[in-house]
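Q: My questions all concern the structure below.
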Amino acid sequence: MHLYTAPVVVPIAGEPIREGAVGVDDGRIAYVGPAADAPEADGTTAFDGVLTPGLVNAHTHLCYTSFADMYGNEKEFFEWIQEFARRNPATADEIWKSSVQAGIDESIAHGVTAVADIVTPQAGFEPLFASDLAGVAYWEACFIDDAAWEARRNAWREVVTDSRAVNNSDIAVGISPHTLYTLGTGVGKSLAELARTLDIRIHPHLAETTHEDMFVRRGSGPFAFMNRRAGLALELADGGAGHSPATQMDKVGWLGADSHVAHGVHLDKTDRELLRSKNSAVALCARSNARLEAGEPPVAALRAEGNTVAVGTDSRASSPDLDVAAEWPVLRKLALAQGDGGEGLNEWLVRAATEGGAKALGRNDIGVLKIGARADLAVFDVPTKGDPYTALVNGAAGNCTATVLKGNHLDR
51 MHLYTAPVVV PIAGEPIREG AVGVDDGRIA YVGPAADAPE ADGTTAFDGV
101 LTPGLVNAHT HLCYTSFADM YGNEKEFFEW IQEFARRNPA TADEIWKSSV
151 QAGIDESIAH GVTAVADIVT PQAGFEPLFA SDLAGVAYWE ACFIDDAAWE
201 ARRNAWREVV TDSRAVNNSD IAVGISPHTL YTLGTGVGKS LAELARTLDI
251 RIHPHLAETT HEDMFVRRGS GPFAFMNRRA GLALELADGG AGHSPATQMD
301 KVGWLGADSH VAHGVHLDKT DRELLRSKNS AVALCARSNA RLEAGEPPVA
351 ALRAEGNTVA VGTDSRASSP DLDVAAEWPV LRKLALAQGD GGEGLNEWLV
401 RAATEGGAKA LGRNDIGVLK IGARADLAVF DVPTKGDPYT ALVNGAAGNC
451 TATVLKGNHL DR
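Straight run, no breaks: the sequence shown in my numbering ends on number 462.
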């Protein structure tokens with residue numbers, strides 16, 4: 051067993067431990083507790099700062115790490131999203147692989163050890179499977195109407211089944227039906243059915259913009275125009291569904307305990323209640339929302355009402371980095387502005403980026419430090435006196451000094 055010690059250990063599975071230690075054996079945690087009480091170890095690594103579970107990025111697109119220039123192009127959401135249709139076809143497989151690998155490396159450098167990653171090019175699976183990250187790689191379906199699906203269904207499914215067949219990693223394969231405004235209703239139902247048949251997870255984007263609400267409710271707005279221009283014949287474009295995107299998402303089968311949604315910016319009380327009733331977590335990506343002027347997620351309401359919340363960065367095309375800890379102060383500021391009293395808020399935010407992300411991915415062995423869990427650790431150079439959750443929220447961004455992945459301390 052190897053022992054990792056720190057002035058403060060935040061297990062998430064229990065109270066913070068002063069002068070704590072985590073023992074690891076064969077990639078799993080074998081001890082969590084005071085360093086003075088730890089069993090004899092083959093070796094010890096002593097860290098400064100606060101040691102936490104590895105963070106979980108519950109929504110990202112690592113394939114777009116090389117599209118970081120889009121973060122600063124100042125295009126609003128409607129124009130920004132159409133840029134992918136122009137750039138994706140011109141990107142070679144080796145560039146995609148390199149982009150994903152760069153995203154993996156950046157994530158690990160920020161203490162992220164598990165991801166919910168949307169895979170747009172099939173080539174993106176390879177570097178994910180070769181990594182030691184945990185999580186789910188979600189094969190994305192986007193800009194497909196019901197007619198096109200009939201021609202593409204078998205080939206699309208083969209990517210899922212073939213990827214699962216060659217995958218020996220701790221990253222499972224899932225399905226990402228992109229959005230209600232880029233897929234036909236029949237396509238959406240077929241994807242949900244496929245996910246349940248294969249017993250794999252689902253991860254769509256929900257309620258990111260008001261344009262989405264306009265399209266789903268009335269079949270109008272910029273997305274209706276975008277789809278007509280692209281030649282997509284979507285059922286919702288013919289008058290809409292007459293209800294919220296969350297309700298429509300439930301009707302096509304994308305919600306459930308095997309699903310978590312990204313963004314959830316424009317969720318009303320009924321929508322939030324629906325997500326709770328379906329046991330669907332929501333991954334908040336506040337910095338991406340701000341960049342795209344999409345709105346502000348209802349952080350205070352989600353917390354007060356008891357929704358399962360995780361934290362994501364989205365991609366480098368809409369976020370300045372892949373640092374999950376950098377989302378904490380932004381989410382805190384939003385929660386307080388929305389009326390949250392602040393008591394316990396910092397701990398809630400840290401939990402959202404650890405055990406909340408684990409719940410979103412259907413895992414109970416990541417995002418926590420407990421015996422039997424994956425030995426994924428992150429260390430942050432923040433003050434060790436006082437409340438560690440406050441120290442992390444206020445100062446962890448950009449200050450990860452060490453990452454341990456499956457028990458291995460990674461060189462920087």
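C-beta: ideal position from N, C-alpha, C; glycine also.
#1: Go to Ser226, then tell me how far its beta strand (DSSP E) extends in each direction, as first and last residue.
#2: Could you name the residues that DSSP lists as bridge partners for Asn329?
#3: Could you have a look at Cys113 and say whether DSSP puts it in helix, strand or coil?
#4: By the three-class DSSP mapping on this structure, what secondary structure does Ser80 have?
#5: Within the same chain, show all residues whose beta-carbon is closer than 7 angstroms to that of Val169, passing over the 5 residues directly before and after it, in chain order.
#6: Does DSSP put Tyr121 in a helix, a strand or coil?
#7: Are the region 377-386 and the region 115-129 in contact at 8 angstroms, needing three or more beta carbon pairs?
#8: Ignore the nearest five residues each way along the sequence and tell me which others in Arg267's own chain have a CB closer than 6 angstroms to its CB.
#9: With C-beta atoms as the reference, is Gly161 less than 8 angstroms away from Thr453?
#10: By the three-class DSSP mapping on this structure, what secondary structure does Gly73 have?
#11: Alpha carbon to alpha carbon, what distance is there between Asn123 and Ser369?
#12: Output needed for Val59: all residues of its chain with C-beta closer than 6 angstroms, excluding positions within five of it in sequence on either side, in chain order.
#13: Quick check for students: name the residue ranges of the alpha helix (DSSP H) that lie wholly in the region 384-414, counting only runs of 4 or more.
#14: Would you kindly work out how many angstroms separate the C-alpha atoms of Arg202 and Pro348, rounded to a whole number?
#15: Of all the beta strand (DSSP E) runs that stay within the bounds of the region 119-171, which reach a length of 3 or more residues?
#16: What are the start and end residues of the beta strand (DSSP E) that includes Val359?
#17: Go through its chain and collect everything with a Cβ distance to Val418's Cβ below 8 angstroms, but skip five positions before and after it.
#18: Apply the 10 Å Cβ neighbour rule to Lys125 and answer buried if 16 or more other Cβ atoms are within range, or exposed otherwise.
#19: Suppose you measure from the CA of Gly422 to the CA of Val361; what does that come to, to the nearest Å?
#20: From Thr451 to Phe430, what does the alpha carbon distance come to, in whole angstroms?
#21: Kindly list the residues whose CB is nearer than 8 angstroms to the CB of Val82, restricted to its own chain and excluding five residues on each side of it in sequence; keep chain order.
#22: If you draw a straight line from the C-alpha of Arg246 to the C-alpha of Val311, how long is it?
#23: Do the region 219-230 and the region 314-321 touch if we need at least three Cβ pairs shorter than 8 angstroms?
#24: According to DSSP, simplified to helix, strand and coil, what is Pro348?
#25: Leaving aside the five residues before and after Thr434 along the sequence, list all residues of the same chain whose C-beta is less than 7 angstroms from its C-beta, in chain order.
#26: Rounded to the nearest angstrom, how far is the Cβ of Leu395 from that of Ile158, given a contact under 8 angstroms?
#27: Evaluate Val443 with the Cβ neighbour count: other Cβ atoms within 10 Å of its Cβ, from every protein chain shown; 16 or more gives buried, anything less gives exposed.
#28: Helix, strand or coil for Tyr14 per DSSP?
#29: Anyone know if the C-beta pair for Ala166 and Asn107 falls short of 8 angstroms?
#30: In whole angstroms, give me the CA-to-CA distance for Trp304 and Arg424.
A: The short version:
#1: Taken as a continuous stretch (DSSP letters only), the beta strand (DSSP E) holding Ser226 covers 221-227.
#2: BP columns for Asn329 are empty, so no partner.
#3: Reduced to three states, the DSSP call for Cys113 is helix.
#4: Note that residue 80 is Ala in the sequence shown here, rather than Ser. Residue state, collapsed to three classes: strand.
#5: Excluding residues within five positions, the ones whose Cβ falls inside 7 angstroms are Cys113, Phe175, Ala187, Tyr188, Trp189, Glu190.
#6: Reduced to three states, the DSSP call for Tyr121 is helix.
#7: Look at the beta carbons and you see the region 377-386 not touching the region 115-129: under three pairs across the two are nearer than 8 angstroms.
#8: If we look at Arg267 and ignore the five residues flanking it on each side, its Cβ neighbours are Gly290.
#9: Yes. Within cutoff.
#10: DSSP places Gly73 in the strand class (E or B) of the three-state scheme.
#11: C-alpha separation (whole angstroms): 12 angstroms.
#12: Within the same chain, Val59 has close Cβ partners Ile67, Gly70, Leu101.
#13: If you keep only unbroken alpha helix (DSSP H) runs of at least 4 residues inside the region 384-414, you get 395-401, 407-410.
#14: Spanning the alpha carbons of Arg202 and Pro348 requires a straight line of approximately 37 angstroms.
#15: Correct list: 162-169.
#16: Per DSSP, Val359 belongs to the beta strand (DSSP E) from 359-361.
#17: Once the five neighbours on either side are set aside, the close Cβ partners of Val418 are Pro61, Ile62, Ala63, Pro103, Thr404, Glu405, Ala408.
#18: Here Lys125 is exposed. Its C-beta has fewer than 16 other C-beta atoms within 10 Å.
#19: Taking the straight line from one Cα to the other gives about 24 angstroms.
#20: Roughly 6 angstroms between the two C-alpha positions.
#21: Closer than 8 angstroms at the Cβ level, and outside the excluded window around Val82, lie Val59, Pro61, Ala63, Gly64, Ile67, Gly70, Ala71, Val72, Gly73, Leu419, Lys420, Ile421.
#22: The alpha-carbon of Arg246 is positioned some 17 angstroms away from that of Val311.
#23: In short, these stretches do not touch, since the Cβ pair count stays below three.
#24: DSSP, reduced to helix, strand and coil, places Pro348 outside both helices and strands of the structure shown, so it counts as coil.
#25: Excluding residues within five positions, the ones whose Cβ falls inside 7 angstroms are Pro57, Val58, Gly99, Val100.
#26: Cβ atoms of Leu395 and Ile158 stay farther apart than 8 angstroms, at about 28 angstroms.
#27: Answer is buried; the Cβ neighbour count reaches 16.
#28: Because the chain here runs from 51 to 462, residue 14 falls outside it and cannot be looked at.
#29: With respect to the 8 angstroms criterion, Ala166 and Asn107 are classified as neighbours on the basis of their beta carbons.
#30: In a straight line, the C-alpha of Trp304 is about 29 angstroms away from that of Arg424.
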